[in-house]
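As they're listed, the protein sequences go chains A and B. Going left to right, the first sequence walks through residues 3 to 526 as my numbering numbers them. Going left to right, the second sequence walks through residues 3 to 526 as my numbering numbers them. Heads up, the thing below is written out as structure tokens.
2 protein chains.
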Amino acid sequence: MTQSIDKDRVLIFDTTLRDGEQSPGATMTHAEKLEIAGLLDEMGVDIIEAGFPIASEGDFNAVSEIARNAQNSVICGLARANIGDIDRCWEAVRHAKQPRIHTFIGTSPLHRAIPNLTMDEMAERIHETVTHARNLCDNVQWSPMDATRTEWDYLARVVEIAIKAGASTINIPDTVGYTAPVESADLIKRLIAEVPGAEDIIFATHCHNDLGMATANSLAAVAGGARQIECTINGLGERAGNTALEEVVMALKVRHDIMPWHTGVDATKIMNISRRVATVSGFPVQFNKAIVGKNAFAHESGIHQDGMLKNAETFEIMRPEDVGLTESNLVMGKHSGRAALRDKLGQLGYEVGDNQLKDIFVRFKELADRKKEVYDEDLIALMRAGEDAENDRLQIVSMKVVCGTGGPAEATIEMEVDGRDITETETGDGPVDATFKAIRKIHPNQAHLQLYQVHAVTEGTDAQATVSVRLEEDGMIATGQSANTDTVVASAKAYVNALNRLLVRRDKAGPGSDTREISYKDVS
Amino acid sequence: MTQSIDKDRVLIFDTTLRDGEQSPGATMTHAEKLEIAGLLDEMGVDIIEAGFPIASEGDFNAVSEIARNAQNSVICGLARANIGDIDRCWEAVRHAKQPRIHTFIGTSPLHRAIPNLTMDEMAERIHETVTHARNLCDNVQWSPMDATRTEWDYLARVVEIAIKAGASTINIPDTVGYTAPVESADLIKRLIAEVPGAEDIIFATHCHNDLGMATANSLAAVAGGARQIECTINGLGERAGNTALEEVVMALKVRHDIMPWHTGVDATKIMNISRRVATVSGFPVQFNKAIVGKNAFAHESGIHQDGMLKNAETFEIMRPEDVGLTESNLVMGKHSGRAALRDKLGQLGYEVGDNQLKDIFVRFKELADRKKEVYDEDLIALMRAGEDAENDRLQIVSMKVVCGTGGPAEATIEMEVDGRDITETETGDGPVDATFKAIRKIHPNQAHLQLYQVHAVTEGTDAQATVSVRLEEDGMIATGQSANTDTVVASAKAYVNALNRLLVRRDKAGPGSDTREISYKDVS
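This is the structure:
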């Protein structure tokens with residue numbers, strides 16, 4: 003990476019695919035990771051933390067492929083403070099035009115206690131691992147995990163060691179979401195002032211939102227001298243999540259008068275990637291989420307509409323189009339042609355080949371027959387629903403469900419399982435229970451349903467519904483999704499989609515293998 | 003109100019029922035408002051802003067009844083800067099042991115332009131209206147709306163006028179969510195230092211979360227000398243919402259070391275009221291919402307479980323029980339008795355009379371027959387589903403739905419409409435569309451479906467589903483909810499629930515009346 007010589011430039015380091023993806027239940031498929039990485043690269047994110055290569059074959063492969071594909075972004079992988087992790091990380095990121103190794107160790111008293119290292123032993127370990135990383139890669143980032151709860155003297159000492167060993171970025175994580183803005187600014191300011199060598203490297207801030215202050219803490223760190231913000235789309239992440247990329251980027255734009263720093267992110271790409279991350283992670287964004295919530299710009303709707311002041315600025319500090327939120331368009335009806343569909347999909351960020359277009363066009367026509375008006379959101383849902391379908395081992399062929407207040411619901415499902423046609427009928431408490439039971443009869447499994455939710459894609463009773471299903475089996479979690487105007491059919495397809503993903507994971511892990519991935523919290 | 007003589011005490015002013023309730027779609031019924039007010043009072047909120055009495059008969063009645071019921075909280079109503087609003091507000095709040103009138107006017111250049119008042123004319127209006135309010139009530143709060151975008155000199159001038167006219171609380175609203183922590187602290191500090199009389203009154207902070215910094219801005223204002231935080235449960239509110247009560251309360255607890263102020267709020271009541279507000283407003287809380295999100299304390303679940311460090315503190319700065327989050331309990335099965343049910347409901351915050359218990363017990367038994375394990379969440383959903391049912395004009399008697407991939411779905415619905423039994427059959431795109439069409443055939447209406455969503459109440463395929471439906475008709479919005487193990491039945495009941503609420507509103511408004519409520523944004 004060419005470290006910016008512009009003193010007011012703040013680098014955006016996105017960790018949606020690493021810290022975001024490790025939230026329980028937010029696991030993404032390989033294809034989804036590549037897609038999100040592509041969007042991040044395209045929108046001008048400076049550094050993409052693509053994963054934790056030692057964690058599993060899947061993580062390693064995803065980081066490697068993202069590294070190969072990246073056009074402009076630095077591609078970074080995470081490694082604990084040991085040679086094995088760092089070597090594996092380098093093997094994955096080295097394919098990038100601009101690779102980075104990010105290695106870390108927990109430096110607070112609570113974290114030091116776990117590997118049972120003395121302060122001196124840990125300092126020595128930091129020196130060795132950062133040196134090793136730097137021998138492999140010019141661009142090394144080091145993090146003292148739980149920095150905000152680490153004793154000042156020790157923090158300053160280990161930061162200095164990491165700088166001397168060759169780290170070009172020092173990240174100061176508020177791992178537990180504990181800090182407040184004044185502290186956050188002071189900590190960075192003091193590190194820059196007092197640690198020898200600090201003036202030659204970039205300080206990064208990595209905040210969590212446990213007390214609701216991640217955005218303010220990140221911006222305060224920048225005021226204190228940090229020039230890299232670590233964040234995720236939609237604030238995805240464990241517990242209350244990480245700093246939300248969309249919030250820091252827009253705050254720096256809107257309040258440039260008092261925060262005279264800038265990023266390289268194209269904010270008009272925010273809404274699109276926000277929707278994609280919400281969909282693939284299965285973590286919906288709440289209506290009143292800043293910047294990307296459904297209501298974020300919606301104060302003019304509803305009962306106040308007539309009485310609203312005409313001047314939008316009176317109550318609005320950003321325009322919806324600044325973050326890429328455009329009016330939902332009636333894109334086309336049943337007479338629209340294939341070329342028009344391809345154009346529209348291109349505008350929505352989907353480049354499709356001829357074969358894929360053929361398949362999508364058929365499904366688009368089916369939808370246009372059932373639904374008078376086809377909106378952007380419908381096409382996005384359509385694109386999602388089709389994604390993994392072709393090679394899936396389990397497929398729904400047809401189904402019929404009867405339900406109501408008169409007794410148990412009954413579902414008859416016909417499925418293709420590895421090419422074989424099977425039909426079963428089951429009863430259950432409601433249509434969804436009956437449907438899932440019939441599927442389990444056809445394809446016996448122990449998967450536990452952790453999450454089931456349905457959202458209408460657009461308004462109106464003929465809207466498509468997007469169903470998300472999260473299954474857990476033997477410690478593996480998979481989320482499935484489907485969109486259909488029939489919520490019960492969408493439920494069946496989402497459930498089968500999740501089962502297919504579990505099958506892919508199990509195949510990858512191999513028979514008898516330990517399926518548990520390594521966590522960054524496993525002390526190395 | 004006895005204004006606190008404890009200099010470190012921060013008053014919590016909750017405006018869930020005023021600023022929160024006016025978010026498009028978050029409208030609550032009279033009964034829901036009373037219930038939420040009761041919970042706020044019980045949890046130690048100092049001031050409850052119960053509504054905007056001039057807005058409608060409904061608002062007036064809600065504020066009046068909340069005022070009569072309040073045990074400990076000050077009850078406040080909102081009024082624009084005119085005699086009519088203030089008189090009406092006083093009529094409603096005067097029933098409280100401790101009433102407060104909150105009057106305001108927009109003081110920024112953009113807001114001054116709308117009533118087309120000169121600075122002097124507006125200053126005179128402020129003097130008159132605050133004086134009038136103070137003649138009615140000892141406890142008067144005044145707000146310069148859009149204070150953070152008001153010229154300093156003018157702000158200082160009008161704040162002084164309001165203090166001299168008798169305001170005992172001056173609230174400084176960041177109406178558009180524009181400010182940043184350092185600014186927020188400085189503004190309050192400067193007002194206290196420079197405005198004559200400032201030392202004798204309480205300054206309040208009222209932030210919006212448009213840039214994701216409402217919590218940090220509120221706490222910074224306290225550092226600057228404010229001693230009242232205006233906030234809402236779950237950060238409910240227009241656009242990105244208001245400051246979240248749960249975040250400021252917990253931040254002050256967790257970081258008492260650097261923020262040595264305290265509130266009177268019992269934090270262990272947070273989860274219960276958060277769930278209730280999410281339910282009655284129809285605004286779900288996202289998984290990664292700080293403090294109250296489903297994942298806020300969930301870092302130990304999922305794939306990292308085995309590898310997790312044993313010491314919870316390592317990654318946790320609060321304990322789930324600090325905010326009243328207890329493990330989901332298997333409360334009882336089908337053999338549990340009525341007394342046990344009443345006890346359990348009491349623990350969940352529902353005090354039920356004998357008649358209500360009888361009704362709930364029947365539905366509990368029905369649920370226990372269908373579902374092996376009945377959890378706290380199931381009982382909460384059950385309580386919700388049963389509300390309003392008795393006097394509803396529209397009721398579902400029975401229904402049968404057939405759906406699947408073989409053609410259009412078909413729904414046959416039997417309903418009681420004002421006591422008359424009607425059955426109709428309709429086909430549609432999926433079971434929900436067919437069901438809603440059949441209901442519209444039975445009870446013709448123009449209501450537009452704005453929102454449809456389904457969430458499983460607990461895990462497992464036999465879980466109950468909670469369906470939320472938001473309808474809009476002639477500018478009126480109503481949200482309906484229902485829980486059932488059958489999502490299609492729950493959808494029908496939620497739709498009918500919303501229709502019943504629209505009927506209640508229409509009846510209240512009366513034939514031919516202008517149904518639009520007055521908004522605080524309507525310039526008076």
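Note that CB positions come from ideal geometry on N, CA and C, so glycine has one too. Remember, it's a predicted structure, so these values are computed and weren't measured experimentally.
- Per the C-alpha coordinates, the member of A/260, A/136 and A/228 positioned closest to residue 164 of chain A is A/136.
- Unbroken alpha helix (DSSP H) stretches of 4 residues or longer found wholly inside the segment 48-128 of chain A: 59-71, 85-95 and 111-114, given in chain order.
- Contact with chain B is absent for residue 53 of chain A, since none of that chain's Cβ atoms lies less than 9 Å from the residue's Cβ.
- Of all residues in the segment 186-202 of chain A, none comes within less than 8 Å of chain B when Cβ atoms are compared.
- Shown here for residue 520 of chain A: same chain residues with a beta carbon closer than 8 Å to its own, the five before and five after excluded, namely 54, 56, 57 and 58 in chain order.
- Using a C-beta cut-off of 8 Å, the segment 73-92 of chain B makes contact with the segment 43-52 of chain B, since at least three inter-stretch Cβ pairs fall below that distance.
- Residue 132 of chain A and residue 290 of chain A have their C-alpha atoms spaced approximately 42 Å apart.
- Scanning B/264, B/367, B/443 and B/268 for the CA closest to the CA of residue 418 of chain B turns up B/443.
- Against chain B, the CB of residue 65 of chain A has no partner CB under 9 Å away; the residue lies outside that interface.
- Interface annotation, residue 90 of chain A: not in contact with chain B, CB-CB separation never under 9 Å.
- C-alpha of residue 483 of chain B to C-alpha of residue 466 of chain B: approximately 13 Å in a straight line.
- Close to chain A, meaning a Cβ-Cβ distance shorter than 7 Å, is no residue of the segment 142-154 of chain B at all.
- Using a CB distance cut-off of 9 Å, residue 373 of chain A counts as an interface residue toward chain B.
- Any Cβ of chain A closer than 9 Å to the Cβ of residue 318 of chain B would place that residue at the interface, and such an atom is present.
- With respect to residue 234 of chain B, residue 21 of chain B sits close: the two C-beta atoms are nearer than 9 Å.
- In the three-state reduction of the DSSP assignment, residue 154 of chain B falls in the helix class, which pools H, G and I.
- For residue 397 of chain A, the uninterrupted beta strand (DSSP E) run begins and ends at 396-406, by DSSP.
- Within chain B, no C-beta atom comes nearer than 9 Å to that of residue 32 of chain A; the closest sits roughly 17 Å away.
- For the C-beta of residue 411 of chain A, the chain B residues within less than 7 Å are, from N- to C-terminus, 488.
- Nearest neighbour of residue 134 of chain A by Cα position, chosen from A/103, A/160, A/124 and A/117, turns out to be A/103.
- DSSP, read as helix, strand or coil, puts residue 289 of chain B in coil.
- Secondary structure at residue 131 of chain A: helix, using DSSP grouped into helix, strand and coil.
- The segment 228-245 of chain A and the segment 234-248 of chain B do not touch, with fewer than three beta-carbon pairs separated by less than 8 Å.
- Residue 174 of chain A counts as buried, since at least 16 other C-beta atoms from the protein chains shown sit within 10 angstroms of its C-beta.
- Distance between residue 107 of chain A and residue 485 of chain A, taken at the CA atoms: about 43 Å.
- Under DSSP, the beta-bridge partners assigned to residue 145 of chain B are B/106.
- Setting aside the 5 residues that flank it on each side, residue 270 of chain B is surrounded in the same chain by 323, 324, 325 and 326, each with a C-beta closer than 8 Å to its C-beta; the list follows chain order.
- Residue pairing by DSSP places residue 11 of chain A opposite A/264 in a beta bridge.
- For the beta strand (DSSP E) assignment, the uninterrupted runs of no fewer than 3 residues enclosed by the segment 454-502 of chain A are, from N- to C-terminal side, 467-475 and 478-486.
- A distance below 6 Å between beta-carbons, with the five flanking residues on each side excluded, links residue 454 of chain A to the following residues of its chain, in chain order: 471.
- Boundaries cannot be given for residue 244 of chain B, as no beta strand (DSSP E) includes it and DSSP labels it neither H nor E.
- Taking a Cβ-Cβ threshold of 7 Å, none of the residues of chain A is close to residue 356 of chain B; the smallest such distance is about 27 Å.
- Residue 475 of chain B and residue 481 of chain B have their alpha carbons spaced roughly 12 Å apart.
- Under a 10 Å Cβ-count criterion, residue 70 of chain A is classified as exposed, with fewer than 16 other Cβ atoms of the shown protein chains found around its own Cβ.
- The C-alpha of residue 299 of chain B lies about 32 Å from the C-alpha of residue 490 of chain A.
- Along the segment 440-460 of chain B, the positions whose C-beta sits under 9 Å from a C-beta of chain A are 442, 450, 451, 452, 453, 454, 455, 456, 457 and 458, read in chain order.
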